[in-house]
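**Q** Protein chains in written order, with my numbering: chain A, 26 to 273; chain B, 65 to 380.
Here a beta-carbon is modelled for each residue, glycine too, at the ideal position from N, C-alpha and C.
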Amino acid sequence: MGVVLETVELTKYFGVVKAADGISVRVEEGELVGIIGPNGSGKTTFLNLITGYVRPARGSIWYRGKDITGLSPRVVTRMGIARSFQIPQLYGGLTVLENMLVALAIRAGRSGEFWRPLQEDARLEEAMQTLSEFGLEGAAAQGVSSLAEGERKLLDVALSFALKPRLLLLDEPTSGVSVKDKFEVMDRLVRVLKSSGVTTVFVEHDLDVVMRYAERVLVFQEGRVIADGPPGIVLSDAEVKSAIVGTG
Amino acid sequence: MQWAIVLLLAIVAPLLPGWTVFLLSVALAKALVVLGIGLLMRGGLVSFGHGMYYAAGAYGVAFAMKLMGIREALVLAVLGLVAGGLLASVLGMLLARYRGLFFAMLNLALSMMVYGALLKFYWVTGGTDGMAVRQATFGGFVPPAGLLRVAYFYLSLGVVAIVVSMAHRLVRSPMGYLLRALRDNEVRVNYMGGWVEQTIYRVYVLSGGLAGLGGSLVVLNVGHAVPDFAYWSQSGEFVFVALFGGYGHVLGPLSGSILFEFVRSYAYKVSPYTWQLLLGAMLALVILFLPEGLWSLVERRMARRDRWGWSWRPSS
């Protein structure tokens, strides 16, 4: 079990807001880590720092033994870190299937190819298979703008998953999904992620979801990690409860 | 589909009056420029400066004839392609970083610099007089005067047929889809590990090359390269025709360009003082009622035919 991700004293202020105030975290291969914390505690900033969208003022980021601090999102993604988004980032003018095919073509380094069709047999087959793992095969021919929000979230994750990353970062996979569908979406996600063995870090503000699915929880508050451990232990801690729920 | 149109044009052309053949040749050549602009538009980029690559192709032909004595039509056409592509490969390094209004206006600014250069270095370029381009040869032969127009027409038609079918492949390829993807969501392309700038740069160079190719074919037909080729209103016309014909399908620019040239000629004849008004009204109608361009009319028809169980399918 190697260390997939390690951050050392990551620091980033936005004005007076401490989005990251010395975050040191280590994620082992195959872990499923949940990050929880109140709004503005730096959860999404943490993902943005790792993927190179935001540069840290201080500190460093290590991915599988390599220093990736300051690299661009494109390069970081190419190295094997994929992320999904709180608001699904899809190609609105394309169908579900075409979205997936584009992801697969880019992963294969074929995005500069201009002679052969995108819809190649092998690529189509893999695209349909990946979509069906996420229960989206029925929507393949639909334009993504006609999808329900839950499906959009799933597709967003599916597109990142299709890149075959070594580390997958999910930003609030259940936000915008109805309470009724929340666990169904997470059940499906976790099943796919676990069977592929990909190391996953997911940000979530829903306590129930973290409690049920995370193997390890990081609690963020004002840009710091105030607790780190198995959900059963961490989330029963009084300080943590007050931080998340806002009551003592 | 595109081959049916090419065949139809090839058979009909020699039977048409000379001026029609000339007009068709020019329209076909300009369709190449519009096709290049349409490719960029698929990526959400509008260039108001492609006149400069069009001019690069035209002046490239003029200089190749004057300085190197090259007269072979096909060689000159290829030189036009190279001239446009080369200029675009230099300017593209800067332009591939810009989007939206900045991209459009920077193209415009650069094209006006090219225009200014063509105008002011008159001891090299002939200034407003431009440069004359002599008759080209075909495989070493000079066609007899009566057949020259037709020869130029077949050259343009052949080149357009090849380019259109290549473009048709491109828009269905990973690169073609990546263009549409980055128009929709550039951030996501980055987060898939795709290289946005590189894709835009490549398509930009390609579109510059196509504009150069178009310019070289037009100048062979017209026999005269002038700075106006690079003027902003010429660049604007290409964008106009791209919207008019539609850039969703590779045949949109072709049909748009042909129709535009004919409508313009007739509009000019019918009302010499207000012909721009007619063109403007025409574009306004197309944008209002056919926002995806004239070609979308054909595509809709085909879709309807498909529903009625015709076995014959459009090629895209």
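Evaluate A/Glu197 with the Cβ neighbour count: other Cβ atoms within 10 Å of its Cβ, from every protein chain shown; 16 or more gives buried, anything less gives exposed.
**A** A/Glu197 should be labelled buried.
**Q** So is A/Tyr116 in contact with chain B if we call contact Cβ pairs under 8 Å?
**A** Yes, because at least one Cβ of chain B sits closer than 8 Å to the Cβ of A/Tyr116.
**Q** Are three or more beta carbon pairs between the segment 305-319 of chain B and the segment 139-155 of chain B nearer than 8 Å?
**A** Judged by Cβ distances under 8 Å, the segment 305-319 of chain B makes no contact with the segment 139-155 of chain B, as fewer than three pairs qualify.
**Q** I need the DSSP call for B/Ser229, collapsed to helix, strand or coil.
**A** Here B/Ser229 sits in helix by DSSP.
**Q** Have a look at A/Ser109, A/Ser85, A/Leu72, A/Val79 and flag the residue whose alpha-carbon is nearest the alpha-carbon of A/Ser97.
**A** Cα-wise, what sits closest to A/Ser97 is A/Val79.
**Q** If you count every other CB in all the chains shown that lies within 10 Å of the CB of B/Asn430, and 16 or more means buried, which is it?
**A** The question about residue 430 of chain B has no answer, for chain B in this structure spans 65 to 380.
**Q** Is the beta carbon of B/Leu307 closer than 8 Å to that of B/Gly357?
**A** For B/Gly357 and B/Leu307, yes; Cβs fall inside 8 Å.
**Q** Would a check of beta-carbon distances place A/Gly55 closer than 8 Å to chain B?
**A** No, because no Cβ of chain B sits closer than 8 Å to the Cβ of A/Gly55.
**Q** So that I know if they touch, is there some Cβ in chain A lying closer than 8 Å to that of B/Ala225?
**A** Chain A contact via Cβ: absent.
**Q** Can you check whether the C-beta of A/Thr102 is within less than 8 Å of a C-beta belonging to chain B?
**A** Chain B, which has a Cβ nearer than 8 Å to the Cβ of A/Thr102, makes this yes.
**Q** Cα separation between B/Tyr186 and B/Trp339?
**A** Their backbone Cα atoms lie some 32 Å apart in a straight line.
**Q** When burial is assigned at 16 or more other CB atoms within 10 Å of the CB, is B/Tyr330 buried or exposed?
**A** The residue in question, B/Tyr330, is exposed, as its Cβ has fewer than 16 Cβ neighbours within 10 Å.
**Q** Anything in chain B within Cβ reach of A/Leu143, meaning under 7 Å, just list it in chain order.
**A** Chain B residues near A/Leu143: Arg236, Ser237, Pro238, Tyr241.
**Q** Establish whether the CB of A/Ile86 and some CB of chain B are separated by less than 8 Å.
**A** So, not an interface residue.
**Q** Count the C-beta pairs between the segment 86-103 of chain A and the segment 157-166 of chain A that are closer than 8 Å, then say yes if the count reaches three, no if not.
**A** Result no; under three Cβ-Cβ pairs closer than 8 Å.
**Q** Go ahead and label B/Arg377 buried or exposed: buried means 16 or more other beta carbons lie within 10 angstroms of its beta carbon, across all protein chains shown.
**A** Residue confidence for B/Arg377 is low, a pLDDT of 41 falling below 50, so the modelled location carries little weight; the figure read from the coordinates is stated next. Its Cβ having fewer than 16 others within 10 Å, B/Arg377 is exposed.
**Q** Quick test of the definition: if touching needs 3 or more C-beta pairs under 8 Å, does the segment 134-143 of chain A touch the segment 254-264 of chain B?
**A** Yes, the segment 134-143 of chain A is in contact with the segment 254-264 of chain B.
**Q** With a threshold of 8 Å between beta carbons, is B/Ala141 in contact with chain A?
**A** False, the Cβ-Cβ gap to chain A never drops below 8 Å.
**Q** Quick one: which chain A residues come within Cβ less than 7 Å of B/Trp259?
**A** Chain A residues near B/Trp259: Arg99.
**Q** So, with DSSP's three-state summary, where would you put B/Phe112?
**A** Correct three-state label for B/Phe112: coil.
**Q** May I have the straight-line CA-CA distance separating A/Gly95 from B/Glu250, to the nearest angstrom?
**A** Rounded to whole angstroms, A/Gly95 to B/Glu250 spans 20 Å at the Cα level.
**Q** Check A/Tyr88 in the structure and name its three-state DSSP category.
**A** In the structure shown, A/Tyr88 sits in a strand (DSSP, three-state: E or B).
**Q** List the residues of chain B that A/Ile75 touches, going by C-beta distances under 9 Å, in chain order.
**A** Near A/Ile75 there are no residues of chain B at all, since even the closest Cβ is about 12 Å away, more than 9 Å.
**Q** Terminal residues of the continuous alpha helix (DSSP H) containing A/Lys68?
**A** 68-75 is the span of the alpha helix (DSSP H), which, as asked, contains A/Lys68.
**Q** Could you tell me the alpha carbon to alpha carbon distance between A/Leu180 and B/Gly115, rounded to whole angstroms?
**A** Distance between the alpha carbons of A/Leu180 and B/Gly115: 42 Å.
**Q** When you compare only the Cα positions, how much space is there between A/Val210 and A/Gly175?
**A** When rounded, the distance between both Cα atoms is 7 Å.
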